[in-house]
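Same order as they appear, the protein sequences are chains A and B.
If you're matching positions, the first sequence starts at 675 in our numbering and goes up one per residue.
If you're matching positions, the second sequence starts at 1309 in our numbering and goes up one per residue.
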Amino acid sequence: MSTSSSGPGTATQPPGRGPVRSGSPRTSRTARNHAPITLTGLLVKVVLLGLVAGIAVWAAFPLIEAELWVGLAVLLATTAGLFYLYLTPRHIPVKYLIPGTLFLVAFQIIPVLYTASTAFTNFGDGHRGSKDDAIVAIQSGSVTQVPGSVQYPLTVATKGDPATGALVFLVTDPQTNTVSVGDTEGLRPLDAGSVTVAPGGKVTAADGYQILNFGEASTRSKDITDMVVPTSGGALRSSGLSRAYEGKAVRAYDAGCDCIRDSETGKTWTADGKVGSFVAADGETLAQGWQVNVGLRNFADVLTDPAISGPFFSTLIWNFAFALGSTGFTFLLGMGIALALHSPRMRGTNFYRVLLILPYAMPSFAMLLVWRDMFNTDFGLINNLFGLGVDWFGETWSARLAVLLVQLWLGYPYMFLVTTGALQAIPRELTEATSVDGASPFQSFRAVTMPLLLVAISPLLIASFAYNFNNFNAIQFVTEGGPFPADNPTAGATDLLITYTYRLAFGAQGAEYGLAAAVSIFIFAIVATVSAISFSRTRKQEEVYS
Amino acid sequence: MSTRTEAPVANRNATGRRNRWFAQVGWRHLVGILAVAFSLFPILFVVSAALNPLGTLSSTELVPTGASLENFTNLFERTAFGRWFLNSLLLAGVASFASIFLSALAAYAFSRMRFAGRRVGLLSLLLIQMFPQFLAIVAIFLIFTKVTELWPVIGFNTPWGLFLLYMGAALGANTWLMKGFFDTLPKELDESATMDGASHAQIFFRIMLPLVAPILAVTGLLAFIGSINEFVIANVFLTNTNSKTLAVGMFGLVAGERNNNFGIFAAGTLLTAIPTVLVFQLLQRYIVNGLTAGAVKG
């Protein structure tokens, strides 16, 4: 950051400029504010603002159709703001800042705020929608075929593409012969003129719907089995691909006691607004719940719940070790090689450099996967080459060593590059002077080269630490967080907080978005604190140097 | 100091010279060779796997045992590699170019203008940058589910949605580096241009941009490499085979059939590396300067 303490505008000009400006003291400001309007400038402005207007109009129609008035208002305000900003000669800095800021706000800040607000909820699998959604899901999920259930001839169809479109059931009532279309919203009768019904009640064509043939229906058979169409008396489910039955919901919601009652067993589950679930007297919770605000519970769980805090803290410690190790080892190796090659008598340094930085230019995602295969126990290169039989990813410490080794390979060319650059910026006279004074090369390195090097490199070391602290690819592609302890399949030995979070949110165990968001906030706080402390320390160093 | 020509002494001198040469220069070459070997052996392994006609991991040695282009032809015939390559190149190319331009605009304002909120702006950029975008992946997923409903053109499985996201992440990351470089340009340059009646836009496009071209190239290249390697967001975003990027597509290639697809995968790795390695070698000199210039100035 600039250390200049001078005020805004013209005051930054050196005093030597005085005489030139003395005639009209505000020349420079006026020149900036009333710049000559060039033809190209005007043309570019018209084209770009026209583009903005075009995009705004295009974006507005879906918003109007969906009746999202707040969204429309934001869109209008943004567009009007942009027009005002670029048509007035004022607010010059904002003109340069606003394009990037718009993207930053929309795609970085809003997601971050959204994440922060998610951290205070129980959002996740089973807690996605509202309480009403949960009740519908519980009721229709408990639909079973009872004696006397009505059977319907069924035709499965989709809206749009047969492979991906939303499924609908076309059923014919055996008594009245009316054809109805059913989806997750419910059952609606169809106009008799728009459908063709074969004898026996099977629908063979319907306007606006794609009838699935047998093959198409089989590939989506799981979706068809899971599909539930709520009806007044219960719900419609398929039995096979050509018949449907109207079953009765065994579990029903009772608004009087705010509870779910099972008509077969008589058991009741009462709604608990604090956790967003229906809970029975014996503590049993129904899987289907709803989203509620849980306050600081996710944060508290991370710190105190032994099932979460145990893995969290051991992961945190390894996370620090990994980030420090990745940064430190790469720096030491990179610097060592840079120092070795940095000599006036050295020939061919360019040749070495071209080959040395190849790992940095290779696609890292692919090379991480290659490294994983090189550590393969049975036919991996490392074991074959050195005649070892190490189960690299099976043991905690060998897996950690392997991960650090991969990081070293990927990272040291970068450190080599930046140290080479920084070394070239250190005047040779300094080290020559120390050798005249009788210092050994090692003494002069410690007293002169190293401190100067660190001033130049330490911001990069901090950035590298912050990057590696969240180096998702490095872990996910090499070990996927493993090896996992037998009793906990969610937190492995090489897991970083970020891979752990990802597994919480998208893992096979069921999504826990709220908890994952809380861990994200913790990660952010840790990285921000570490970086802030180290930045303020290097800033002091830098002031000494300059 | 010997002037005699007796054989043993000459030998001793030669040995001494060789020792001194080794102490001063020779060991440096030794370090260099060892480092190059460390750098190259995984790459040699990939080359060997790509040329290996059997194309499996278990049959691949460090040194190529055979040579065939079968893996390369298989790569194009059996997968949508060409499509992924094009997607990645276009997406990373356009996104890094556009984001560098936006960052340069912001860096120019932060470096050359003094305005209310400048310090706060710089500090908040630094802070926001510490919250990596993919930590918010859940939120991004939910937001774009809605966006896909409203505007399918920029939703899931389109390059545009990803493009917008990468642009959002760019400002914080690059503005600091560029501002450091802008600060090193003498202020007198644009002040005298102002005196001559140049507008701020003319100063930016005609004077500043040409002067900072090297740093633009370097940050552009780094942003390009970053986008090519980005996996988490792209993986959530792109599920159609034809819309995938290299990282997502090639990960799918070895996610299941690790051993059998290894040759094809290695061939893909080599082809992916070609554009970056070429540009890297071209810009090498600037990269060293660019990285450290940003560093020294913070």
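Backbone N, C-alpha and C define an ideal beta-carbon position, used for all residues, glycine too.
Note that the structure is predicted; figures quoted are calculated from it, not measured.
Collapsed DSSP secondary structure at B/Glu1369 in the structure displayed: DSSP places B/Glu1369 in coil when its eight states are reduced to three.
Chain-order list of residues whose beta-carbon lies under 7 Å from that of A/Phe1158 (same chain, five-residue window excluded): Annotation for A/Phe1158: Gly1166 place their beta carbon closer than 7 Å to its own, counting only its chain and skipping 5 residues before and after.
C-alpha gap between A/Gly984 and A/Arg1019, whole angstroms: Straight-line Cα distance between these residues: approximately 56 Å.
Given A/Ala1012 as reference, the closest of A/Phe1090, A/Arg1074, A/Tyr1026, A/Val968 once Cα atoms are compared: Comparing C-alpha distances from A/Ala1012 to each of A/Phe1090, A/Arg1074, A/Tyr1026, A/Val968 shows the shortest one belongs to A/Phe1090.
Short Cβ contact (7 Å threshold) for A/Arg1226 with A/Asp932: Chain A is shown from 675 up to 1220; residue 1226 of chain A falls before or after that span and cannot be answered.
CB-CB length for A/Val1204 against B/Phe1439, believed under 8 Å: The Cβ separation is near 14 Å, so there is no contact.
Rounded straight-line distance, which links the Cα of A/Gln962 to that of A/Ala808: When rounded, the distance between both Cα atoms is 6 Å.
Partner residues on chain A for B/Ile1448, Cβ-Cβ distance less than 7 Å: Correct list: Pro785.
Cβ separation of B/Ser1396 and B/Ile1536, assumed to be a contact under 8 Å, to the nearest whole Å: About 6 Å separates the two Cβ atoms, so the contact holds.
Cβ-based burial, A/Leu888 [other Cβ within 10 Å; buried from 16]: Here residue 888 of chain A turns out to be Phe, not Leu, going by the sequence shown. Result: exposed.
Nearest-angstrom Cβ-Cβ length linking B/Gly1576 and B/Met1558, presumed shorter than 8 Å: With 8 Å as the limit, B/Gly1576 and B/Met1558 qualify as a contact, their Cβ atoms being about 5 Å apart.
Cross-chain neighbours of A/Phe1053 in chain B, by beta carbon under 9 Å: Those are Thr1364, Leu1365, Ser1366, Ser1367, Thr1368, Asn1567, listed as they occur along chain B.
Reduced DSSP secondary structure (H/G/I, E/B, other) of A/Gly697: Low confidence applies to A/Gly697: its pLDDT is 39, below 50, so where it sits in the model is not reliable, and the reading given next is rough at best. DSSP places A/Gly697 outside both helix and strand once states are collapsed to three, so it counts as coil.
Among B/Ala1375, B/Val1344, B/Leu1342, B/Ala1424, nearest to B/Ala1358 - alpha-carbon criterion: Residue B/Ala1375 is the option with its Cα nearest to B/Ala1358.
Where B/Asp1504 sits in the DSSP three-state scheme: DSSP places B/Asp1504 in coil when its eight states are reduced to three.
Amino acids of chain A, ordered along the chain, whose beta-carbon sits closer than 7 Å to that of B/Pro1350: Per Cβ cutoff of 7 Å: Met1041, Val1044, Trp1045, Met1048, Trp1083.
Chain-ordered chain A contacts of B/Val1344 [CB-CB under 8 Å]: Simply Tyr1026, Leu1029, Leu1030.
Contacts around A/Thr1123, its chain only, beta-carbon distance under 7 Å, and the 5 residues preceding and following it disregarded: Around A/Thr1123: Ile1100, Thr1105.
Coil, strand or helix - B/Glu1496 by DSSP: Correct three-state label for B/Glu1496: helix.
Per-residue DSSP class, three states only, for A/Ile1100: Coil at A/Ile1100, not helix or strand.
Residues, ordered as in the chain, of the segment 1547-1579 of chain B that lie near chain A by beta-carbon distance below 8 Å: Result list: Leu1554, Ala1555, Met1558, Phe1559, Val1562, Arg1566, Asn1567, Phe1570, Phe1573, Ala1574, Gly1576, Thr1577.
Unbroken stretches of the alpha helix (DSSP H), 4 residues or longer, contained in the segment 1438-1498 of chain B: The alpha helix (DSSP H) runs of length 4 or more contained entirely in the segment 1438-1498 of chain B are, from start to end of the chain, 1445-1458, 1467-1492.
Closest residue to A/Glu1186 among A/His801, A/Asn993, A/Tyr1026 (Cα-Cα distance): Comparing alpha-carbon positions, the option among A/His801, A/Asn993, A/Tyr1026 lying closest to A/Glu1186 turns out to be A/His801.
Buried or exposed by the 16-neighbour rule on C-beta atoms within 10 Å, applied to B/Asp1498: B/Asp1498 comes out buried.
Through-space distance from B/Pro1518 to B/Trp1459, alpha-carbon basis: Going from the Cα of B/Trp1459 to the Cα of B/Pro1518 covers about 38 Å.
A/Met1020 at chain B interface by Cβ criterion, 7 Å: Answer yes: the Cβ-Cβ gap between A/Met1020 and chain B drops below 7 Å somewhere.
Outcome for A/Phe1067 when other beta-carbon atoms lying within 10 angstroms are tallied against a minimum of 16: So A/Phe1067 counts as buried.
Proximity test, Cβ basis, 7 Å: B/Leu1400 and chain A: The sequence given here places Ala at residue 1400 of chain B; Leu does not occur at that position. By the rule that beta-carbons nearer than 7 Å mark a contact, B/Ala1400 does not touch chain A.
C-beta neighbour in chain B for A/Gly690, strict 7 Å: Low confidence applies here, because A/Gly690 scores a pLDDT of 38, under 50, leaving its location unreliable; read the following figure in that light. No - not a single Cβ of chain B is within 7 Å of the one on A/Gly690.
Cross-chain neighbours of A/Gln782 in chain B, by beta carbon under 7 Å: Correct list: Ile1436, Gln1441, Gly1476, Ala1477.
Minimum length 4: unbroken alpha helix (DSSP H) runs contained in the segment 709-740 of chain A: If you keep only unbroken alpha helix (DSSP H) runs of at least 4 residues inside the segment 709-740 of chain A, you get 713-739.
For A/Val1173, the first and last residue of its enclosing alpha helix (DSSP H): This sequence places Thr at residue 1173 of chain A; Val is not what is there. 1171-1180 is the span of the alpha helix (DSSP H), which, as asked, contains A/Thr1173.
Presumed contact (8 Å Cβ cut-off) between B/Ala1555 and B/Glu1538, rounded CB distance: Their Cβ separation, rounded to whole angstroms, is 7 Å, which keeps B/Ala1555 and B/Glu1538 in contact under 8 Å.
Collapsed DSSP secondary structure at A/Ser702 in the structure displayed: The pLDDT assigned to A/Ser702 is 44, lower than 50, so where the model puts this residue is not dependable, and the model offers no usable value.
Span separating the alpha-carbon of A/Thr1168 from that of A/Val720: CA-CA distance, A/Thr1168 to A/Val720, rounds to 55 Å.
Sub-7 Å separation of A/Phe843 and A/Val903 beta-carbons: The answer is yes: Cβ separation under 7 Å.
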